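I have placed the structure first, in the form of structure tokens, so that the comments after it can refer back to it.
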Amino acid sequence: MENPVMESHADSPPRGRPALPAQGAGPRIGILVVAYNAEATLERTLDRIPKDFRSRIAEILILDDASSDGTFTAGCRWSQLEGMPPTVVMRHTKNLGYGGNQKAGYALAAERGLDIVVLLHGDGQYAPELLPEMVAPIERGECEAVFGSRMKDPGGALGGGMPLYKWLGNRVLTRIENGLLGSSLSEFHSGYRAYSVAALRRLPIDRNTDAFDFDTQIIVQLLDAGMRIREIPVPTYYGDEICYVNGLRYAKDVVKDVLEYRLALKGFGTCPWIPKPAEYAFKEGDGSSHAAVLRVMRTMPPGRVLDVGCSGGEFAARLEELGHTVTGLDFIEVPGVRERCSRFVLADLEQGLPAEIGEEYDYVVAADVIEHLSRPEEVLRGLRDVLVPGGRLLLSVPNFSHWYARLRVAVGAFGYDRRGILDETHLRFFTRAGLRRTIRASGFDELRLTSTGSPFWSVLGAGPVAGGLGAASRLLTRVRPTLFGYQYVAVLTPHAAQTIVAGEHVDVQDILNRQYAPAERAGHVGAPS
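Residues in the sequence shown are numbered from 0 upward in steps of one, following numbering that gives the first Met the number 0.
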């Protein structure tokens, strides 16, 4: 639902129609001015935009976030002055918050066809005189974002009037954030920024917070996407403007954001403002269910394999190296998958198995697949039918009765993660007993059912701590797999029980089907002959 706004335009077309390009062949540069109760400072701040730079500005967007003073009027008044760049002044009738105001501004910048947008605060805390320097690295193609840093010049921040407690907080938080993200920015908390609008389109900024830690989340998104950030030194200015930031809450929020991101990389939590990779990153020998399935496949003679949920084909490529011929099946096509397997079929298993996969497979691999399906039994029956007699289905599912899931439920902290047992895309949860019921109902016999230990390596990385915990987990899994087993890995074969009738081998299922067919049931009297 859109928030209602009031708009004023000067020398610009109505909203929804791109403005005419500024003079020259360079990129369309926009200045996004976020303002809240900035009536006393807004016009003075805008007056400081260098006169020789104004002709390069395609449009200035002034967004008043439901101020209680005359900020909107001040913006309109300035926009009507002779010789000013084309300007749009907007007033939200509901306060969107610092982050929400930026979201609205960046959406407007994209809508109006801008190539570069510079974030400028209406209170004058950041120097408009440096606008040419802010956009230059993006114009040269050196980066996707430029940050004005008050910390690059030693002593500059304190000399510019930054209170000592804010300086200390800035330095401590920046050090923590750099340490957790592996970055080397001199400052995380500057609000003076320039962005490539094309880069912003690639980031899910609409999922970001509306609060002041929006700026931290967008840094994390840039780094996660592998985009380049440049910093330039900017002077520090503290005047009599009112600060609306609760320092302690802000510090808590930015640390929470970075920790949430780090945990999301390990699979914990959902972190909706960071895109989730579509491809499963398989690593041979990592202790995962895929590695366990590969160990089993190494003992099998080469044959035709259907790899259900093949992702990018990394697992299929290893099977091909063993001499198997692999048909990959998935609902998305990850780039490169067709080069890693003999054949690839694109299909959604919720619609059933596609006919084009064919039949007569020696092996079917469904590693971490059926828990994502609303009707796994139906898919398993379909997989049974494409196997040759005596073929093998190698199946793996997470163990919902693992201590991690039990603990989350017991302490009232149940929630979904990005992957693992509580993956947010799981539609079904399995215990060992539940899995065995599903196996039998789908027409398979269980040849082997084993459990894997907890993947401490994925959280702690390689090292003695992870190695020691992994060894302990494997031992405990052997003692009590229902509590300590992280995933179940099953080797199955289609049920093929037979009985002897008049000297002939007859499939038991065929007899049952005939015995209880509706037509025969309707005329049934006494025992079957």
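The C-beta atom is built at its ideal place from N, Cα and C for all residues, glycine as well. Note that the coordinates shown come from a computational prediction; the quantities given were computed from them, not determined experimentally.
Within 10 angstroms of its Cβ, does residue i collect 16 or more other Cβ (buried), or is it exposed?
| i | result |
| --- | --- |
| residue 54 | exposed |
| residue 107 | buried |
| residue 216 | buried |
| residue 388 | exposed |
| residue 220 | buried |
| residue 474 | exposed |
| residue 20 | Model confidence at residue 20 stands at a pLDDT of 44, short of 50, so the residue's coordinates are unreliable; what they give is reported in the following sentence. Classification for residue 20: exposed. |
| residue 355 | exposed |
| residue 413 | exposed |
| residue 245 | exposed |
| residue 534 | The requested residue 534 is not part of the displayed model; the chain covers only 0 to 528. |
| residue 333 | buried |
| residue 529 | Residue 529 lies beyond the range of the chain shown here (0 to 528); nothing can be said about it. |
| residue 81 | exposed |
| residue 58 | buried |
| residue 123 | buried |
| residue 366 | buried |
| residue 205 | exposed |
| residue 85 | buried |
| residue 44 | buried |
| residue 397 | buried |
Once DSSP output is grouped into helix, strand and coil, what is the label at residue i?
| i | result |
| --- | --- |
| residue 89 | strand |
| residue 451 | strand |
| residue 48 | coil |
| residue 54 | coil |
| residue 196 | helix |
| residue 212 | coil |
| residue 266 | coil |
| residue 134 | helix |
| residue 71 | helix |
| residue 152 | coil |
| residue 147 | strand |
| residue 220 | helix |
| residue 273 | coil |
| residue 124 | coil |
| residue 489 | strand |
| residue 29 | strand |
| residue 37 | coil |
| residue 293 | helix |
| residue 64 | coil |
| residue 80 | coil |
| residue 119 | strand |
Note down, in chain order, each residue of its chain lying with its Cβ closer than 6 Å to the Cβ of residue i, except the 5 sequence neighbours on either side.
| i | result |
| --- | --- |
| residue 249 | 211 |
| residue 73 | 38, 41, 42 |
| residue 306 | 315, 325, 327, 364 |
| residue 190 | 120 |
| residue 428 | 399 |
| residue 455 | 465, 468, 469 |
| residue 343 | 327, 336, 337 |
| residue 347 | 330 |
| residue 481 | 400, 431 |
Who are the Cβ neighbours of residue i in its own chain at under 8 Å, not counting the five residues just before and after it?
| i | result |
| --- | --- |
| residue 562 | Nothing about residue 562 can be reported from this structure: the residues present for the chain run from 0 to 528 only. |
| residue 426 | 370, 371, 372, 373 |
| residue 440 | 376 |
| residue 380 | 441, 442 |
| residue 144 | 137, 192, 193, 194, 195, 198, 221, 226, 227, 228, 229 |
| residue 391 | 299, 361, 362, 363, 446, 490, 491, 492 |
Taking 7 Å as the limit between beta carbons, can you name the residues of its chain near residue i, skipping five residues before and five after?
| i | result |
| --- | --- |
| residue 200 | 109 |
| residue 349 | 372, 373 |
| residue 104 | 31, 33, 60, 62 |
| residue 459 | 465 |
| residue 302 | 323, 361, 362 |
| residue 548 | What the structure shows of the chain is the stretch from 0 to 528, and residue 548 is not part of that stretch, so it cannot be assessed. |
| residue 47 | 127, 128 |
Consider the C-beta atom of residue i and the heavy atoms of the ligand GTP; say whether any pair is separated by less than 8 Å.
| i | result |
| --- | --- |
| residue 451 | The ligand content of the structure shown is nil, which means the ligand GTP is not present either. |
Residue ranges of each beta strand (DSSP E) run of no fewer than 3 residues wholly in the segment 299-350, ordered along the chain?
303-307, 324-329, 342-345
Any chance you could list the beta strand (DSSP E) runs of at least 3 consecutive residues sitting entirely within the segment 361-414, in chain order?
386-397
If you pair each beta-carbon of the segment 218-233 with each one of the segment 147-164, do three or more pairs fall below 8 Å?
Yes, they touch.
State whether the segment 466-485 contacts the segment 396-411, with contact taken as three or more CB pairs (one from each stretch) at a distance under 8 Å.
At 8 Å Cβ cutoff, the stretches touch.
So does the segment 447-461 actually touch the segment 286-302, counting three or more Cβ pairs closer than 8 Å?
yes
Let me know the beta strand (DSSP E) ranges lying completely inside the segment 415-482, each 3 residues or longer, listed in chain order.
Fully enclosed beta strand (DSSP E) runs of 3 or longer: 443-451.
In chain order, which continuous runs of the beta strand (DSSP E) of length 3 or greater are located wholly inside the segment 223-254?
228-232
Any contact of the segment 428-448 with the segment 458-466, i.e. 3+ C-beta pairs under 8 Å?
no
Is it a yes or a no for the segment 179-188 touching the segment 67-81, going by three-plus beta-carbon pairs under 8 Å?
no
Ignoring anything shorter than 4 residues or poking outside the segment 154-188, list the alpha helix (DSSP H) runs there in chain order.
With a minimum length of 4 residues, the continuous alpha helix (DSSP H) runs that stay inside the segment 154-188 are 155-158, 163-180.
On the three-pair Cβ rule with 8 Å, is the segment 171-181 touching the segment 86-99?
no
So, do the segment 83-90 and the segment 55-67 have three or more beta carbon pairs nearer to each other than 8 Å?
yes
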